[in-house]
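All remarks here apply to the structure that follows.
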Amino acid sequence: MKKNLIFLGIETSCDETAASVVMQDSKGKAKILSNVVSSQIKIHKKFGGVVPDLASKAHADKIDIIIKQAIYKSKKSFKDIDGVAATAGPGLLVCLMVGMTAGKTIARFLDKPFFGINHLEGHALSAGITNDISYPYLLLLISGGHTQFLSVNKFGNYERIGTTIDDALGEAFDKVAKMLGANIPNGKIIEKMSLKGNPKKYLLPKPILHKSGCNLSFAGLKTAVMLQIKNVKNNKCKYDMAASFQETINEILRIKCSKAMDMFLDLQPKLKNKNFVVAGGVASNKSIRNNLIKLSRSKGFAIIFPPSKLCTDNAAMIAWAGIKHYQKKSKGNFNVESSARWPLDPKAPFMKGPGLKL
Ligand code: KG4
Ligand code: ZN
Numbered sequence: 000m001k002k003n004l005i006f007l008g009i010e011t012s013c014d015e016t017a018a019s020v021v022m023q024d025s026k027g028k029a030k031i032l033s034n035v036v037s038s039q040i041k042i043h044k045k046f047g048g049v050v051p052d053l054a055s056k057a058h059a060d061k062i063d064i065i066i067k068q069a070i071y072k073s074k075k076s077f078k079d080i081d082g083v084a085a086t087a088g089p090g091l092l093v094c095l096m097v098g099m100t101a102g103k104t105i106a107r108f109l110d111k112p113f114f115g116i117n118h119l120e121g122h123a124l125s126a127g128i129t130n131d132i133s134y135p136y137l138l139l140l141i142s143g144g145h146t147q148f149l150s151v152n153k154f155g156n157y158e159r160i161g162t163t164i165d166d167a168l169g170e171a172f173d174k175v176a177k178m179l180g181a182n183i184p185n186g187k188i189i190e191k192m193s194l195k196g197n198p199k200k201y202l203l204p205k206p207i208l209h210k211s212g213c214n215l216s217f218a219g220l221k222t223a224v225m226l227q228i229k230n231v232k233n234n235k236c237k238y239d240m241a242a243s244f245q246e247t248i249n250e251i252l253r254i255k256c257s258k259a260m261d262m263f264l265d266l267q268p269k270l271k272n273k274n275f276v277v278a279g280g281v282a283s284n285k286s287i288r289n290n291l292i293k294l295s296r297s298k299g300f301a302i303i304f305p306p307s308k309l310c311t312d313n314a315a316m317i318a319w320a321g322i323k324h325y326q327k328k329s330k331g332n333f334n335v336e337s338s339a340r341w342p343l344d345p346k347a348p349f350m351k352g353p354g355l356k357l
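Residue numbers (numbering that gives the first Met the number 0): 0 to 357.
Below is the structure:
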């Protein structure tokens, strides 16, 4: 058997064109040999959101050079690659297809296996690139498109125990950043503004805080910010609103993560190592990190965050998930198709829209 496994990962599910080369050594340790991410923020900025056709075009314009850079920076060559993994979903179909086509073509040409990866699985396993984490673990996935609590029972077995019933947390951050006039409406700017603001200035709602288990809801909170925005007239008020919003999120997460931990322990009564992984773009927020570190300590959980670069979208997590799939079934699958919707837990009910019973 070959000592080291080397995978090329490709990510184009939304507005980041990314490629990465990841190696797993004979002891199972990961090493990121390159991790190239090209953001399309400048392209979509003036539209206030991601425009699918423009995103797809930008991926197609750049994917070859991003892959070339990833290979070059890794100091490897295409002939060293053992397999190729590309994000197959969920995401924007026209975007996914760019990375999938590039990945399949390279794999065919190299005569190596190809793996179509679930982007959420990439996030779910991302902490394993830098940390040894034993299964099962509790996962809070907080990104721009998804917000879920999952019991990661083992590789390939994900049990959803809670979800947002409306907006994803990253989406709420983005929309509030936009209301506060941010040039680039992103959660990062809210985090920065919050440092200068008073978190107690505005009282904001915490929807479904004490009901519906560890399900979450952010739409009402976002609307409350919108209704109060007329009072936000100067920079001081903007900073206060950003800080109040972030503080409210922290309070919601404190209660809901505590509930999720209890629910997770009910599912895993004999568990020895209580691990809590927080992944996805919002997990790079330092205030949220500190808040959840404190909570985990009080609940006896070890908390693990991927490094910031691996929280936001990247292809290293896709390459890593590809390696895990390869180790389970080395043949790969060229027939996998891109899918806009691809839940990690196929048995979990759809939890959005009218008629929802909490
Ligand atoms: O995981 P990700 O890169 O993409 C998706 O899979 O959606 O997450 C992007 C989300 C965006 O909504 C962005 O505003 C949010 O992560 N985000 C943050 C921070 N950095 C990125 N939210 C709060 N604080 C941050 N520092
Ligand atoms: Zn993501």
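For glycine and all other residues, C-beta sits at the position ideal for the given N, C-alpha and C.
query, result
"Helix, strand or coil: how does DSSP classify S73 here?", "helix"
"For T247, name the three-state secondary structure that DSSP assigns.", "helix"
"Closer than 5 Å from C-beta to any heavy atom of ligand 1: which residues, in chain order?", "S142, G143, G144, G169, F172, D173, N185, G186, K187, E190, G279, G280, V281, S283, N284, T311, D312"
"Go through the region 284-347 residue by residue and report every complete run of the alpha helix (DSSP H) that reaches 4 residues or more, in order.", "285-298, 307-310, 315-327"
"Nearest by alpha-carbon distance to V364: which of E246, V175, E190 is it?", "No statement about residue 364 is possible, as the shown extent of the chain runs from 0 to 357 and does not include it."
"Using a threshold of 7 Å, is the CB atom of H58 nearer than that to any non-hydrogen atom of ligand 2?", "no"
"Give a single yes or no on whether H122 has its beta carbon closer than 7 Å to a heavy atom of ligand 3.", "Absent from the structure shown: ligand 3. Ligands present: ligand 1 and ligand 2."
"Could you tell me which residues DSSP pairs with M22 in its beta bridges?", "I5, K30"
"Would L179 be called buried (16 or more neighbouring beta carbons within 10 Å of its own) or exposed?", "buried"
"By DSSP, does I132 sit in helix, in strand, or in coil?", "coil"
"Got a sec: does ligand 2 put a non-hydrogen atom nearer than 7 Å to the Cβ of H118?", "yes"
"What first and last residue would you give for the alpha helix (DSSP H) that runs through L202?", "Note, L202: premise wrong, no alpha helix (DSSP H); not H, not E."
"Is M22 buried or exposed, if buried means 16 or more other CB atoms sit within 10 Å of its CB?", "buried"
"With distances taken from CA atoms, which of D79, A241, A318, F154 is nearest K191?", "A241"
"Going by C-alpha distance, which of K44, C213, D52 is nearest M350?", "C213"
"In whole angstroms, what separates the C-alpha of I66 from that of K45?", "28 Å"
"Return the chain-ordered list of same chain residues with a C-beta closer than 7 Å to the C-beta of S33, the five sequence neighbours on each side being excluded.", "S19, V20, A69, K72, S73"
"Counting along the chain, where does the beta strand (DSSP E) carrying Q147 start and finish?", "146-153"
"Three Cβ pairs or more, each shorter than 8 Å: is that satisfied between the region 303-311 and the region 145-164?", "no"
"How would you write the range of the alpha helix (DSSP H) that V93 sits in, first residue to last?", "92-109"
"When you compare the CB positions of Y325 and G82, do they come within less than 8 Å of one another, or not?", "yes"
"Find the nearest neighbour of D265 within the set V277, L91, M316, I160, judged by alpha-carbon distance.", "I160"
"Please classify G279 as buried or exposed, where buried requires at least 16 other C-beta atoms within 10 Å of its C-beta.", "buried"
"Using C-beta distances below 7 Å, list every residue in its chain close to S142, excluding the 5 sequence neighbours before and after it, in chain order.", "H122, A167, G169, G279, G280, V281"
"Could you tell me if N233 is buried or exposed, where buried requires 16 or more neighbouring beta carbons within 10 angstroms of its beta carbon?", "exposed"
"Around the C-beta of Y188, are 16 or more other C-beta atoms found within 10 angstroms, so that it is buried, or is it exposed?", "Note that residue 188 is Ile in the sequence shown, not Tyr. Its Cβ being crowded by 16 or more others within 10 Å, I188 is buried."
"According to the Cβ coordinates, are A57 and I42 closer than 8 Å?", "yes"
"Residues in its own chain within less than 6 Å of I251 by CB, not counting five upstream and five downstream?", "K205"
"Between I80 and K111, is the Cβ-Cβ spacing less than 8 Å?", "yes"
"Check for me: the alpha helix (DSSP H) holding V175 runs from which residue to which?", "168-178"
"Looking at C-alpha atoms only, which residue of K323, W319, S257, Q245 is the closest neighbour of K285?", "Q245"
"How would you call I9, buried or exposed, if buried means at least 16 neighbouring beta carbons within 10 angstroms?", "buried"
"Under 8 Å, with one C-beta from each stretch per pair, do the region 220-231 and the region 256-275 reach the 3-pair mark?", "no"
"Does DSSP classify G219 as helix, strand or coil?", "helix"
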